[in-house]
Every structure is written in structure tokens, then in C-alpha cells.
Amino acid sequence: MPYSVPDLNYAYDALAPHISEATMRVHHDKHHQAYVDKANAALAETEWEGIKPMKLLTRLDELPEDIRDTVRNNAGGYYNHNIFFRSMAPAGEGGGGEPTGKLFNAIKDTFRSFDVFKETMEAAAMSTFGSGWAWLVHDGSRVLIVTTVNQDNPISDGLTPLLGVDVWEHAYYLDYENRRADYVKAWFAVIDWEVVAKRYADAPVPDVSHILERPVSISGKQRVFGELTLDDARTQSSELGALAGWGPMAKVGSIARAWTELAKNLEGRGAATVADLEPPMIKQAALDLWIIAPERGMI
Ligand SMILES: [Fe+2]
Numbered sequence: 030m031p032y033s034v035p036d037l038n039y040a041y042d043a044l045a046p047h048i049s050e051a052t053m054r055v056h057h058d059k060h061h062q063a064y065v066d067k068a069n070a071a072l073a074e075t076e077w078e079g080i081k082p083m084k085l086l087t088r089l090d091e092l093p094e095d096i097r098d099t100v101r102n103n104a105g106g107y108y109n110h111n112i113f114f115r116s117m118a119p120a121g122e123g124g125g126g127e128p129t130g131k132l133f134n135a136i137k138d139t140f141r142s143f144d145v146f147k148e149t150m151e152a153a154a155m156s157t158f159g160s161g162w163a164w165l166v167h168d169g170s171r172v173l174i175v176t177t178v179n180q181d182n183p184i185s186d187g188l189t190p191l192l193g194v195d196v197w198e199h200a201y202y203l204d205y206e207n208r209r210a211d212y213v214k215a216w217f218a219v220i221d222w223e224v225v226a227k228r229y230a231d232a233p234v235p236d237v238s239h240i241l242e243r244p245v246s247i248s249g250k251q252r253v254f255g256e257l258t259l260d261d262a263r264t265q266s267s268e269l270g271a272l273a274g275w276g277p278m279a280k281v282g283s284i285a286r287a288w289t290e291l292a293k294n295l296e297g298r299g300a301a302t303v304a305d306l307e308p309p310m311i312k313q314a315a316l317d318l319w320i321i322a323p324e325r326g327m328i
């Protein structure tokens, strides 16, 4: 099946005044359609026809050289615009505001606050020279911001795109002329954070099931790491903290600090047990506590 442009989930004029009906019509019906048409033409009657763009974009080096750049630009354009148009909703009716829940926590872990995230995203969008995108992505352990040129997508670098802002002039010139910064600020009013949170929830994360089963001794009792509670972490933190500085146990201070950090995370997340934390956080805690061995390449 060749690719086709998905319909918008809202009316063409629903994002106005932040993004006008005229911009939406030309962007969705002309530009997005053109990427789809060119991708379909390049892939027609090849073994790659019908393969989802997100798969193609992670295997660009396997494509025949004569269609590789065309596919990169146009399957990329198709995939990027699917993400972009699906990430917006009318302001006040699903669009705008701030994320909640686990996505909000992840943004706070990386950027300290939503405002700093927003400023960083705006700066990234402004830093893209010429045509490209600024993205919020997930790298398997945390969220971060990256930029891409042309129609490249972060998925080609092994990152999961959560949210992207199109900074090609076709995305804003009719409404904002050369004022890209005004467009990016306005775009925040129409971001559908529920959709972004869903992508965050679906992003690949490390499998920590074996870590949750690791035995841990708490006050002389054998337990498993996944079932430990805030009280357990506090107990370990204070018991080991009392030993810190005792010569023969060189690591004890850093392990006591890791228990304190785990207690802070359990409390901050309102998590009943370690198993309720996000997998990347579980993995980091297990490494810091020497419950699992450092991976190769780690110091
Ligand atoms: Fe675009």
C-alpha cells in the first residue's frame, strides 16, 4: 500500500489565530501531499514499497543508492508531518497548557521546569539554520531536545521523536513572514500534550524486569529490589550514612547517597515501590546502588 496523507483531526481554521487556515491548507494539502507523492514514486515497485516510514528511516543505509536521498527527504517529510499535524489541537480544546504525569516529570528531570524546556525548545528552533526541525525526543532513559536539517528525523539516530516543530518557512511565512520566533511561541498554544504523553508512554525503554528481581538485604532480611518502599530506602540511607567515612568501606558514602536519591525519587513520584518508578530511573538506581554491575564502557 502506498502512503497517503492522513486527514487532520481538526478543521483547517481550528488553530487560528496561532496558525491560519491558509497556512494549514497549503502546508497539509500541498506540501505534505508532495512528500507523500514523491516518496511513493521513489519506492514504487521496489522491495521497500509499503514499509512504514519509521522503519525505512532507521535503515537508510540499506536502501539502493539511486533512491536513498529521495526517500530520506520524502519519507522523512511524510513521517515528520504526520507527527507535526497530529501533535496539534485547537487552543483551549486539547491544545496548549503543559503536560502532566510522567511526561511532565521527565521534562522536569531534564530541564528543571516547563519554562526552561519551552525556552530551550524555542532556542533550538531558532538555531536551525535554513530548513529543519526542533524535536523533543526520548533516548531510552530521558527526554532531550535535538534539531534536524531538511526532513531528517531523529529516529534515524536511534531516538524516539515525541514532538517536533516544523521550522521550514512554508510552516509560518504566510502568517509570520520572517518572524520564526513568534511562530514558535504561538505553536506552544496549540500543542496537544495528551498525544505527546502517549508517544512518551510508548517510547522504548530498557527492560528492567531482571533488575526488579535482584535480591537486596534490608536490615538483615532478604528482599527483592522491585518491592522496596520509601521506608526501606530511608532505612538503608540512614544505616549506611552512619558508616560513611569508615575506611574499609570506601564505597559506602556513595551508596548511602544513592539510597537517599532513591528515597527522594520514590517520594517525589508518589511511588509505592521501586517497581512503580520509570524503567530508566530503576536502572540508574540499581547501577548507583551496585545492585547491577556497571555496563561495559562505564567508568
Ligand atoms: Fe512542513
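Residues 30 to 328 in the numbering used here are what the sequence shown lists, from first letter to last.
We treat Cβ as the ideally placed atom computed from N, Cα and C, and that holds for glycine.
So does the stretch 285 to 301 actually touch the stretch 256 to 275, counting three or more Cβ pairs closer than 8 Å? yes
Could you give the first and the last residue of the continuous alpha helix (DSSP H) run that contains Val-11? Because the chain is modelled from 30 through 328, residue 11 falls outside the range shown and cannot be assessed.
Starting from Asp-144, trace the alpha helix (DSSP H) in both directions and tell me its first and last residue. Where Asp-144 is concerned, the enclosing alpha helix (DSSP H) stretches over 143 to 156.
Tell me whether Met-327 sits in a helix, a strand or coil according to DSSP, three-state version. Note that Met-327 scores a pLDDT of 44, beneath 50, so its modelled location is shaky and nothing firm can be said.
Given this structure, state the Cα-to-Cα distance separating Gly-187 from Thr-87, to the nearest angstrom. 7 Å
So the candidates are Val-225, Ala-285, Ser-246, Ile-247; which of them puts its Cα closest to the Cα of Arg-115? Val-225
Measuring only the C-alpha atoms, how far is Leu-316 from Trp-288? 11 Å
Count the other CB atoms within 10 Å of the CB of Asn-207; is the residue buried (16 or more) or exposed (fewer)? exposed
Tell whether a beta-carbon distance below 8 Å holds between Ala-135 and Val-219. no
Should Asp-144 be listed as close to ligand 1, given that the test is whether its C-beta is under 7 Å from any heavy atom? no
Using the C-alpha atoms, what's the distance from Glu-307 back to Ile-328? Residue confidence is low: Ile-328 scores 42 on pLDDT, short of 50, so the model does not pin down where it sits. Its coordinate-derived value is still stated next. Separation of Ile-328 and Glu-307 (C-alpha to C-alpha, rounded to the nearest whole angstrom) is 24 Å.
DSSP three-state call for Ser-266: helix, strand or coil? helix
Between Asp-236, Gly-255, Gln-313, which lies nearest to Glu-242 when the distance is taken from Cα to Cα? Gly-255
Nearest candidate by alpha-carbon position, reference Val-100, set Ile-247, Asn-179, Ala-301: Asn-179
Put Pro-128 into one of helix, strand or coil per three-state DSSP. coil
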